[in-house]
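The numbering used here applies: residue 3 is where the sequence shown begins, and numbers increase by one.
Written out below as structure tokens is the structure these notes cover.
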Amino acid sequence: MSITLFRVFLLSVVSFGFVNAVGELLPPGFYRITSVEDGMVLTATDSFGFVPGRQHRLSNVIVAKWKGLSEQEWQVKDSSLGIPEQYTLTSRRFDRNRVSMWAPQKFYEISNEWRFIYLGGEMWQLKNKDTGRCLINWGRFRDVDEWTCDKYANNQRWYMQRLN
């Protein structure tokens, strides 16, 4: 009898638990994304990769000390691919459908589809669908880059704080 009950419980967890847990932990909406490493907030610049008032190039997605909420809000939406933890990430301020990775003398357009890997509490790791790389905070340069997921482990954890 106890074995049968255990099987029913296990089947219900396998069938519903993961999807429900992900849906409850990260429902679509607007979020502030904060680096676990140093508390800096993920912020978008304009579509040309320039910070207003500065002359040097930075990533389209940077960690900056801007105060405006509209510059720090990211829209998280379900991806159309049907993967429970996969979402699109769009800047609320600029309504862009992509985030860019900065490299010397070159910009790389990266897909806006990310796997949000739950790490516990409010912590998440953002893994790009196309490249398989993780979004990291370089901290020292106040810049955000996209890198392999097996390096800079402390830089790969983000708080997903819902704003609505």
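Think of the CB as a built atom: it goes at the ideal place given N, C-alpha and C, for glycine as much as any other residue.
In this text the structure is predicted, and so the values were computed from the model without any measurement.
If you draw a straight line from the Cα of residue 125 to the Cα of residue 157, it comes to about 12 Å.
One alpha carbon belongs to residue 89, the other to residue 132, and they sit about 13 Å apart. Rounded to the nearest whole angstrom, the C-alpha separation of residue 38 and residue 160 is 5 Å. For residue 166, the three-state secondary structure derived from DSSP is coil. When the five nearest sequence neighbours on each side are left out, the beta carbons in the same chain lying within less than 6 Å of the beta carbon of residue 36 are those of 43, 161, in order along the chain.
According to DSSP, residue 93 shares a beta bridge with 76. Within 10 angstroms of the beta-carbon of residue 91 lie 16 or more other beta-carbons, which makes it buried.
Boundaries for residue 124: no beta strand (DSSP E) harbours it, and the DSSP string shows neither H nor E there. In the three-state reduction of the DSSP assignment, residue 114 falls in the coil class.
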